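*Asks:*
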Amino acid sequence: MIKASIIDADSDAGGELLRLLVHHPDVELVSAVSPGRDGQLVSEYHHGLVGDTDLRFTDNPDFSHTDVVFITRPGTTLPASLKDDARVIDLTGQFIGHEGFVTGIGELNRKDMVRGAMRAAIPGAATQAAVIALLPLAKRGELHGEIVVEVAGVADTDVVKAAVLQLQPDFDGRISIVAAPDGFPFTARVTLPTNCTGSDVRAIYREEFADHNFVFVIPRRPVPADVTNTNKCLLHLHVQDSALTIEALMDASVKGAAGTAVHCMNLLFGLHEVIGLQLKALGR
């Protein structure tokens, strides 16, 4: 069993992680760290966990037996007592670009995580959505011109640009990230020039994500009920007047944070990426 600890487990992301890891068949939760809540039942704070765990918060953890530690609040430093072979998964983004950390997007860095990476830093949901939307074309060297990314929330231009250059080193276009208007129904919407037809683009994306388990190209615009409480990212593609629009939608607290953290953990430990993440959508 993988022994897991969550730092700042009283955060929203920590609560969502607890919900997922309590039911993960290969994980034993050994500590839920929360300064000031030592001894309190986790389920007394995260009420949705009543009946699921008798774990208690601690403010004096011993990480010497922890196999993986999750960091859920900015400003947290790495515990000094971690084992040399312990994995670290950062949900705050503060360690993106730091030595030893890969960007924690499974669709981008699955091979790196499976082949020996020890630490992953996860960007926010909008950044993930933008990277996933651009990934198939970047891998084929087909990105050019100006790319406009509209986001609900905040996206990190540097992370998006770094991901594009990782896949298409000769890309010399501009990536502009702008705030979407109120009521924007997607996590990110990407618009860029293309010489492909709509059917060609859809074939490229379906081929790219055919062996991935969480990204799906659908023929209609997605709505929140399609992804809520799941680790899915849904993409809708539309070509008009030599411009491609990619609309991406995911649950910001699951696929955009805790779900991707579990996805990264599965990869770092060589598990099948879907374990613990076959979650039920709301439906309609």
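In the working numbering, the protein residues as written are 87 to 370.
Virtual Cβ for every residue (Gly too), placed ideally from N, Cα, C.
Computed from a predicted model, the values in this text were never measured in an experiment.
In chain order, which continuous runs of the alpha helix (DSSP H) of length 4 or greater are located wholly inside the stretch 111 to 172?
*Replies:* As far as the stretch 111 to 172 is concerned, its whole alpha helix (DSSP H) runs of at least 4 residues are 128 to 131.
*Asks:* Count the other CB atoms within 10 Å of the CB of proline 209; is the residue buried (16 or more) or exposed (fewer)?
*Replies:* Position 123 of the sequence shown, counted from the start, is the residue given in the question as residue 209. Buried, by the Cβ-count rule.
*Asks:* Excluding the 5 residues preceding and the 5 following asparagine 317 in the sequence, name in chain order all residues of the same chain whose CB lies nearer than 7 Å to its CB.
*Replies:* The count along the sequence shown starts at 1 and reaches residue 317 at position 231. Correct list, in chain order: Phe300, Val340, Lys341, Gly345, His349, Leu363, Leu365.
*Asks:* For alanine 118 versus phenylalanine 156, is the C-beta distance shorter than 8 Å?
*Replies:* Position 32 of the sequence shown, counted from the start, is the residue given in the question as residue 118. Position 70 of the sequence shown, counted from the start, is the residue given in the question as residue 156. No, the Cβ-Cβ distance between alanine 118 and phenylalanine 156 is not below 8 Å.
*Asks:* Excluding the 5 residues flanking glycine 192 on each side, which residues of the same chain have their C-beta closer than 8 Å to its C-beta?
*Replies:* Here residue 192 refers to the residue found at position 106 of the sequence shown. Excluding positions up to five away in sequence, the list reads Met199, His298, Phe300, Thr346, His349, Cys350, Leu353, Glu359.
*Asks:* Going straight from the alpha carbon of leucine 177 to that of isoleucine 92, what length do you get?
*Replies:* Sequence index remark: in the sequence shown, residue 177 carries index 91 (1-based). Sequence index remark: in the sequence shown, residue 92 carries index 6 (1-based). One C-alpha to the other measures close to 11 Å.
*Asks:* Look at the Cβ atom of valine 240, then the Cβ atom of alanine 216, and state whether they are nearer than 8 Å.
*Replies:* Numbered from its first residue, the sequence shown carries residue 240 at position 154. Numbered from its first residue, the sequence shown carries residue 216 at position 130. Not in contact: valine 240 and alanine 216 (Cβ atoms no closer than 8 Å).
*Asks:* Within 10 angstroms of its Cβ, does threonine 213 collect 16 or more other Cβ (buried), or is it exposed?
*Replies:* Position 127 of the sequence shown, counted from the first residue, corresponds to residue 213. Buried, because 16 or more other Cβ atoms sit within 10 Å of the Cβ of threonine 213.
*Asks:* Quick one: grab the DSSP three-state call for histidine 358.
*Replies:* As a working mapping, residue 358 is identified with position 272 in the sequence shown. Of the three classes helix, strand and coil, the one that applies to histidine 358 here is coil, per DSSP.
*Asks:* If you reduce the DSSP assignment to three classes, tell me which class alanine 215 lands in.
*Replies:* Counting from 1 along the sequence shown, the entry for residue 215 is found at position 129. The answer is helix: DSSP assigns alanine 215 an H, G or I state.
*Asks:* Between Ala206, Arg105, Gln326, which has its C-alpha nearest valine 136's C-alpha?
*Replies:* Translated into the one-based positions of the sequence shown, residue 136 becomes position 50. Of the candidates Ala206, Arg105, Gln326, the one whose C-alpha sits nearest the C-alpha of valine 136 is Arg105.
*Asks:* Could you check what DSSP says for glutamate 333 in three-state terms: helix, strand or coil?
*Replies:* Looking up residue 333 in the sequence shown gives position 247. Correct three-state label for glutamate 333: strand.
*Asks:* Given a cut-off of 8 Å, decide if glutamate 232 and glycine 259 are closer than it, judged by their beta-carbon atoms.
*Replies:* Residue numbering aside, residue 259 sits at position 173 when the sequence shown is read from its first letter. Residue numbering aside, residue 232 sits at position 146 when the sequence shown is read from its first letter. Yes, the pair counts as a contact, with Cβ atoms nearer than the cut-off.
*Asks:* Might you give, ordered along the chain, the residues of its own chain that have their beta carbon closer than 6 Å to the beta carbon of leucine 141, omitting 5 neighbours on each side?
*Replies:* As a first step, residue 141 must be located in the sequence shown, where it is residue number 55. The answer, listed in chain order, is Leu115, Ala118, Val128.
*Asks:* If you draw a straight line from the alpha carbon of threonine 163 to that of aspartate 94, how long is it in whole angstroms?
*Replies:* Taking the first residue of the sequence shown as position 1, residue 163 is located at position 77. Taking the first residue of the sequence shown as position 1, residue 94 is located at position 8. Rounded to whole angstroms, threonine 163 to aspartate 94 spans 12 Å at the Cα level.
*Asks:* Tell me whether glutamine 326 sits in a helix, a strand or coil according to DSSP, three-state version.
*Replies:* Along the sequence shown, read from residue 1 onward, the residue named residue 326 stands at position 240. If DSSP states are grouped into helix, strand and coil, glutamine 326 belongs with the strands.
*Asks:* Check each candidate in Ile290, Ala338, Gly179 and name the one with the smallest Cα separation from asparagine 315.
*Replies:* Taking the first residue of the sequence shown as 1, we reach residue 315 at position 229. The residue with the shortest Cα to Cα distance from asparagine 315 is Ala338.
*Asks:* Determine the burial state of serine 328: buried for a count of at least 16 other Cβ atoms within 10 Å of its Cβ, exposed for fewer.
*Replies:* Counting from one through the sequence shown, the residue named residue 328 turns up at place 242. So serine 328 counts as exposed.
*Asks:* Report yes if the CB atom of alanine 296 is closer than 8 Å to the CB atom of valine 235, and no otherwise.
*Replies:* In the sequence shown, residue 296 corresponds to position 210, counting from 1. In the sequence shown, residue 235 corresponds to position 149, counting from 1. Not a contact, by the Cβ cut-off of 8 Å.
*Asks:* Does the Cβ-Cβ distance between threonine 158 and alanine 172 come in under 8 Å?
*Replies:* The residue given as residue 158 occupies position 72 in the sequence shown. The residue given as residue 172 occupies position 86 in the sequence shown. No, Cβ-Cβ distance for threonine 158 and alanine 172 is not below 8 Å.
*Asks:* Find out if the Cβ-Cβ distance for the pair proline 310, histidine 322 is shorter than 8 Å.
*Replies:* The sequence position of residue 310 within the sequence shown is 224, counting from 1. The sequence position of residue 322 within the sequence shown is 236, counting from 1. For proline 310 and histidine 322, no; Cβs fall outside 8 Å.
*Asks:* Is the beta carbon of alanine 206 closer than 8 Å to that of valine 188?
*Replies:* Position 102 of the sequence shown, counted from the first residue, corresponds to residue 188. Position 120 of the sequence shown, counted from the first residue, corresponds to residue 206. Yes; because the gap between Cβ atoms is below 8 Å, this pair is in contact.
*Asks:* Going by CA-CA distance only, name the one from Ser262, Arg196, Ala265, Lys225 that's closest to glutamine 252.
*Replies:* Along the sequence shown, read from residue 1 onward, the residue named residue 252 stands at position 166. When each option's Cα is compared against that of glutamine 252, the closest is Lys225.
*Asks:* For aspartate 176, which residues does DSSP report across the bridge?
*Replies:* Taking the sequence shown and counting its residues from 1, the one referred to as residue 176 is at position 90. BP columns for aspartate 176 point to Ile157, Ala207.
*Asks:* Tell me whether lysine 366 sits in a helix, a strand or coil according to DSSP, three-state version.
*Replies:* Here residue 366 corresponds to residue number 280 of the sequence shown, with the count starting at 1. In the structure shown, lysine 366 sits in coil (DSSP, three-state: anything other than H, G, I, E or B).
*Asks:* Mind checking histidine 184: buried by the 16 CB within 10 Å criterion, or exposed?
*Replies:* By one-based count along the sequence shown, residue 184 stands at place 98. Answer is exposed; the Cβ neighbour count stays below 16.
*Asks:* Let me check understanding here. Comparing Cα to Cα, which of Pro279, Asn195, Val264, Gly100 lies closest to tyrosine 131?
*Replies:* Position 45 of the sequence shown, counted from the start, is the residue given in the question as residue 131. Out of Pro279, Asn195, Val264, Gly100, Gly100 has the C-alpha closest to the C-alpha of tyrosine 131.
*Asks:* Would you kindly work out how many angstroms separate the C-alpha atoms of glycine 125 and isoleucine 88, rounded to a whole number?
*Replies:* One-based indexing of the sequence shown puts residue 125 at position 39. One-based indexing of the sequence shown puts residue 88 at position 2. Looking at the two C-alpha atoms, the distance is approximately 23 Å.
*Asks:* Secondary structure at cysteine 319, three-state DSSP: helix, strand or coil?
*Replies:* Numbered from its first residue, the sequence shown carries residue 319 at position 233. Strand at cysteine 319.
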